[in-house]
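Residue numbers (my numbering): 17 to 364.
Worksheet: the structure to be examined is printed underneath.
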Ligand code: KG4
Ligand code: ZN
């Protein structure tokens with residue numbers, strides 16, 4: 017089989033990431049081997065501001081990229097040998113923060129010029145979607161992609177909450193998405209209300225572990241609506257009012273009850289879509305997919321429905337360049353060409 021070696025470049029938000037991924041098998045039997053996976057997080061830089069500052073993110077990407085590059089390519093002799101094996105560079109072109117995206121795109125363009133390789137624009141959301149194909153603990157590869165499709169995919173991140181009907185590795189349709197805040201954004205905002213540092217999602221999950229998820233009954237926005245759209249800003253506001261009106265509330269209970277409400281909505285809509293479209297599997301991806309309760313609940317419900325539940329290891333749920341190399345590989349196979357410029361609002 018024809019192996020292709022891809023260098024992935026990811027700078028859409030506050031993680032600078034590079035990866036080397038060997039891909040083969042095409043659209044029928046794709047297989048990936050992760051040779052390098054490096055992520056430099058900018059959490060400490062943005063933490064004092066309570067969120068990501070786009071121009072600071074860009075500055076940090078510009079500083080980090082050459083450092084990560086050296087970590088992968090080492091000294092000149094190794095560098096030259098490695099470039100001989102690389103087939104293409106894939107860089108995220110969107111969606112994301114445009115100044116941050118530009119840092120990665122310009123870096124990748126410089127590499128293309130210096131090394132004479134193909135440069136591919138990659139869609140960050142496609143990267144998240146495809147991440148279930150990456151090698152994982154216990155189960156090395158999805159051996160037969162035909163058993164996966166049609167599928168429902170739930171992409172949950174800091175900027176997106178999307179439900180897709182996925183027909184194959186080449187085609188899908190958006191069934192619904194959030195009308196206001198993304199679910200990760202809601203986690204981050206509620207975490208802030210609870211006095212937790214940025215990025216709040218993982219911190220809130222930790223706090224919620226000690227609390228009672230049934231203590232407070234927060235609303236489940238749009239859980240019963242007929243469509244597949246979401247809305248999370250009302251839930252966040254309910255938490256705000258609850259904390260205002262109950263200053264002595266146990267924060268661990270607020271965290272656990274909020275988390276349960278958000279996850280209930282995600283799971284209910286995903287399972288309803290699976291039933292309506294009679295899919296063979298549910299694919300979960302994006303930063304919020306790292307949440308253990310969400311993985312557990314969706315795992316349990318899909319088992320009941322007798323559909324496959326596919327989710328990558330947590331390290332590939334949050335932003336990384338491995339998924340970007342994978343998205344680049346599939347973009348070539350699908351003959352999908354993205355402009356090599358920052359597209360902040362690119363969708364899937
Ligand atoms: O995919 P991602 O790394 O970046 C975007 O593309 O947005 O997702 C980041 C989001 C943040 O909102 C973060 O708080 C959330 O994912 N997140 C979590 C967890 N880990 C990351 N939310 C809830 N529980 C977690 N364990
Ligand atoms: Zn992401």
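Beta carbons are placed, not taken as given, at the ideal position from N, Cα and C, and that holds for glycine.
### Message
The beta strand (DSSP E) that contains residue 57, what's its start and end?
### Response
47–57 is the extent of the beta strand (DSSP E) around residue 57.
### Query
Which residue spans inside the stretch 191–261 form an unbroken alpha helix (DSSP H) run of at least 4?
Within the stretch 191–261, the complete alpha helix (DSSP H) runs of at least 4 residues are 199–209, 216–224, 249–261.
### Query
At what residue ranges does the stretch 110–191 contain a whole run of the beta strand (DSSP E), taking only runs of 3 or more?
The DSSP assignment places complete beta strand (DSSP E) segments of no fewer than 3 residues inside the stretch 110–191 at 134–139, 167–172, 177–182, in order along the chain.
### Task
Examine the ligand ZN and report whether any of its heavy atoms sits within less than 7 Å of the Cβ of residue 197.
Checking every heavy atom of the ligand ZN against the Cβ of residue 197, none is found closer than 7 Å.
### Task
Could you pull out every unbroken alpha helix (DSSP H) segment of at least 4 residues lying fully inside the stretch 291–335, listed in chain order?
Entirely contained in the stretch 291–335, the alpha helix (DSSP H) runs reaching 4 residues are, in chain order, 308–321.
### Supposed close pair residue 271, residue 227 - CB separation, criterion 8 Å
That pair is a contact at about 5 Å.
### Query
According to DSSP, which residues form a beta bridge with residue 33?
Partner(s): 26, 55.
### Query
With a CB to CB cut of under 6 Å and the five nearest residues on each side skipped, what residues in its chain are close to residue 249?
Closer than 6 Å at Cβ, skipping near neighbours: 196, 197.
### Message
Please state whether the Cβ-Cβ distance between residue 27 and residue 117 is less than 8 Å.
### Response
Going by C-beta atoms, residue 27 is nearer than 8 Å to residue 117.
### Message
So the candidates are 190, 290, 181, 255; which of them puts its Cα closest to the Cα of residue 320?
### Response
Selected option, being the one with the closest Cα: 290.
### Task
Apply the 10 Å Cβ neighbour rule to residue 256 and answer buried if 16 or more other Cβ atoms are within range, or exposed otherwise.
Flag for residue 256 reads exposed.
### Task
Using only the heavy atoms of the ligand ZN, determine whether one of them is closer than 7 Å to the beta carbon of residue 173.
For the ligand ZN, at least one heavy atom lies less than 7 Å from the Cβ of residue 173.
### Task
Could you pull out every residue in the same chain whose Cβ sits closer than 8 Å to the Cβ of residue 265, ignoring the five residues on either side in sequence?
Non-local C-beta neighbours of residue 265 in its own chain, meaning closer than 8 Å and more than five positions away in sequence, comprise 232, 258, 259, ordered along the chain.
### Message
Residues in the same chain with beta-carbon distance under 7 Å from residue 24, minus the five sequence neighbours each way, listed in chain order, please.
### Response
Exclusion of the five residues before and after residue 24 leaves 34, 35, 37, 106, 337, 338, 340, 341, 344 as the residues of its chain whose Cβ lies within less than 7 Å of its Cβ.
### Query
Can the beta-carbon of residue 202 be found less than 8 Å from the beta-carbon of residue 251?
Going by C-beta atoms, residue 202 is nearer than 8 Å to residue 251.
### Query
What's the gap between the Cα of residue 245 and the Cα of residue 98?
Between the alpha carbons of residue 245 and residue 98 lies a distance of about 45 Å.
### Query
Who are the Cβ neighbours of residue 234 in its own chain at under 7 Å, not counting the five residues just before and after it?
Excluding residues up to 5 positions away in sequence, 251, 254, 255, 273, 274, 277 lie with their Cβ nearer than 7 Å to the Cβ of residue 234 in the same chain.
### Message
Rounded to the nearest angstrom, what separates residue 101 and residue 148 at their Cα positions?
### Response
Approximately 26 Å, taken between the alpha carbons.
### Query
Closest Cβ-Cβ distance between residue 181 and chain D: below 8 Å?
Considering every chain present, this structure includes no chain D. It has just one protein chain.
### Task
Compute the Euclidean distance between the alpha carbons of residue 243 and residue 127, then round it to the nearest angstrom.
Straight-line Cα distance between these residues: approximately 45 Å.
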